[in-house]
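Heads up, this note's numbering is the position in the sequence shown plus 137, with the first residue counted as 1. Even for Gly, the Cβ is constructed at its ideal location relative to N, Cα and C.
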Amino acid sequence: MEIAFQTKLEERVYRAAEAALVSQHYVCLIDVLCGMRLFASSAVDSWRKGRINFLESEIQGSPNKISSSIAIFLRWAQEKGLKPSETDYVRLTQSGNVPLQFFRSGDPQIEKIFRTYYVSPELSERKRQKLQGKLEKTQQPVVFQNLRDAECGADIAQGSMLLLEGDQALCLHCARLDDLEFLPAGDTALTRRATKFSKRAAVVVHFNRASKRYERQGILVEQAALEKAEQECVEDADERAAARARAAVQRRQQDRKLVAQMIKLIAELFPGCPATEVAAIAEHTAVRGSGRVGRSEAGRNLDEKALTLAVAAAVRHNHTPYDELLASGVDRADARQQIAGRVEEMLGKWRK
């Protein structure tokens, strides 16, 4: 029984580690545990912002499972020939950078294991140094924008923007951010340059009740940095406009190429599918920014499983009463179960 469990656990660790390595060219233990759903990425975000003192409290698994997962991951990294490197996890507070702690005990060996990330040996030295700088970069403070003025937890002041310092909400004055200028979101070049030139900056977010999530509203930056960024944007506005036009043309060419490749492979996988429907499926699933399986990394790499899922989705919406079931209030999982047989029947006909 223990051997079967260990094999299953190894599979979960390997899958999570491989996924992280492919997507970002490095992997750390936090990536693996998040990929295994042993704690949520939102918990990591809260920990990095000081709302959680130790990540240990957020782990969803027994000590035996965690220790076994760590051992499996370290062995996997060694077998893959990945290069280990340490980074410091810190957060910015009023008094400066504060080190983040993974476990309450503060055991140096455990802390080192969590601080270490493993880099693909195929990564060049220049990219490795750039990655090191990215990982060691202190996260910008997050300021919450309110529709109404709210009370500061440090004094009697009020403000529409508050910074959470641990469990305490601070106005911009108490958070020592009141000398910064607010730059609304919308101009990517201006935001990027202002952030680069400003020694101090903060991200401003607002909670959208309709979508039930926080949305970025802009940033707080130093006035001198904002003025310098604005001047640079004025000077190269024509050049950036031309670059955007070239990039748009290139994206359209890439999209047409991807659609053509998808049409060819879908026709090979499902020779019984009408040519017009093959083309429609490829056009639909390859839409940039759609979030569909065809635009996933697997879909762009023309993975057969991903394209099969795309075809199955097309059958579900176009050849079954799936949408009508959802509109009538049937649960998504129940609706899929009801039409699963018809989807498989259609896929079977198209495979012939």
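Residue burial classification, residue i (beta-carbon count within 10 angstroms, cutoff 16)
| i | result |
| --- | --- |
| Ser427 | exposed |
| Phe344 | exposed |
| Val386 | exposed |
| Asp168 | buried |
| Thr490 | Any answer about residue 490 is impossible in this case: the structure gives the chain only from 138 up to 489. |
| Ser206 | buried |
| Gly436 | buried |
| Arg285 | exposed |
| Val150 | buried |
| Gln278 | The question names Gln, but residue 278 in the sequence shown is Pro. Classification of Pro278: buried, given that the 10 Å Cβ count is 16 or more. |
| Thr144 | exposed |
| Val448 | buried |
| Arg350 | exposed |
| Arg188 | exposed |
| Thr413 | exposed |
| Val112 | Nothing about residue 112 can be read from this structure; the chain reaches only from 138 to 489. |
| Thr325 | exposed |
| Val159 | exposed |
| Ser517 | Outside the shown range of the chain (138 to 489) lies residue 517, about which nothing can therefore be said. |
| Val280 | buried |
| Val452 | buried |
| Ala379 | exposed |
| Ser465 | exposed |
| Ala312 | buried |
| Ala208 | exposed |
| Ala177 | exposed |
| Arg488 | exposed |
| Arg263 | exposed |
| Arg432 | buried |
| Val424 | exposed |
8 Å Cβ cutoff met for residue i and residue j
| i | j | result |
| --- | --- | --- |
| Met173 | Ala156 | no |
| Ala339 | Leu314 | yes |
| Met399 | Ala419 | yes |
| Leu146 | Lys186 | no |
| Leu444 | Leu484 | no |
| Ser261 | Leu219 | no |
| Tyr371 | Ala331 | The residue you asked about is not Tyr; residue 371 is Val in the sequence shown. No, the pair does not count as a contact, with Cβ atoms beyond the cut-off. |
| Thr422 | Val430 | yes |
| Tyr121 | Cys165 | Beyond the ends of the chain as shown, which are 138 and 489, falls residue 121; an answer cannot be given. |
| Ala180 | Glu195 | yes |
| Gln474 | Leu462 | no |
| Phe240 | Phe210 | no |
| Ala322 | Arg353 | yes |
| Leu237 | Tyr163 | no |
Expected contact under 8 Å - CB spacing of residue i and residue j to nearest Å
| i | j | result |
| --- | --- | --- |
| Asp355 | Phe407 | According to the sequence provided, residue 355 is Gly. The question's Asp does not apply to it. Contact doesn't hold; Cβ gap of about 47 Å is too wide. |
| Gln161 | Leu175 | The Cβ separation is near 19 Å, so there is no contact. |
| Val342 | Met298 | The pair is not a contact, with the Cβ atoms about 10 Å apart (cut-off 8 Å). |
| Thr253 | Ser204 | Not confirmed; about 16 Å, so no contact. |
| Tyr459 | Ala470 | Contact doesn't hold; Cβ gap of about 12 Å is too wide. |
| Cys289 | Leu317 | About 17 Å; that fails the 8 Å criterion. |
| Ala362 | Phe334 | 4 Å |
Where residue i falls: helix, strand or coil (DSSP)
| i | result |
| --- | --- |
| Ser204 | helix |
| Met483 | helix |
| Phe142 | Here Phe142 scores only 44 on pLDDT, less than 50, and its place in the model should not be relied on; the value that follows carries that caveat. DSSP places Phe142 in helix when its eight states are reduced to three. |
| Arg425 | coil |
| Asn455 | helix |
| Leu299 | strand |
| Ala306 | strand |
| Phe407 | coil |
| Glu414 | helix |
| Arg329 | helix |
| Leu320 | strand |
| Val279 | strand |
| Arg285 | strand |
| Val448 | helix |
| Lys489 | coil |
| Ile196 | coil |
| Arg432 | helix |
| Glu364 | helix |
| Leu395 | helix |
| Ala379 | helix |
| Ala312 | coil |
| Asp460 | helix |
| Lys336 | coil |
| Val386 | helix |
Check: residue i C-beta below 7 Å from any heavy atom of the ligand COA
| i | result |
| --- | --- |
| Gly198 | Of ligands this structure carries none, so the ligand COA is not represented either. |
Every unbroken beta strand (DSSP E) within the stretch 211-255, with a cutoff of 3 residues, ordered by chain: 220-223, 227-230 and 233-236
Every unbroken beta strand (DSSP E) within the stretch 338-362, with a cutoff of 3 residues, ordered by chain: 338-345 and 350-358
Those runs of the beta strand (DSSP E) which lie wholly inside the stretch 141-193 and span at least 3 residues: Listed in chain order, they are 163-165.
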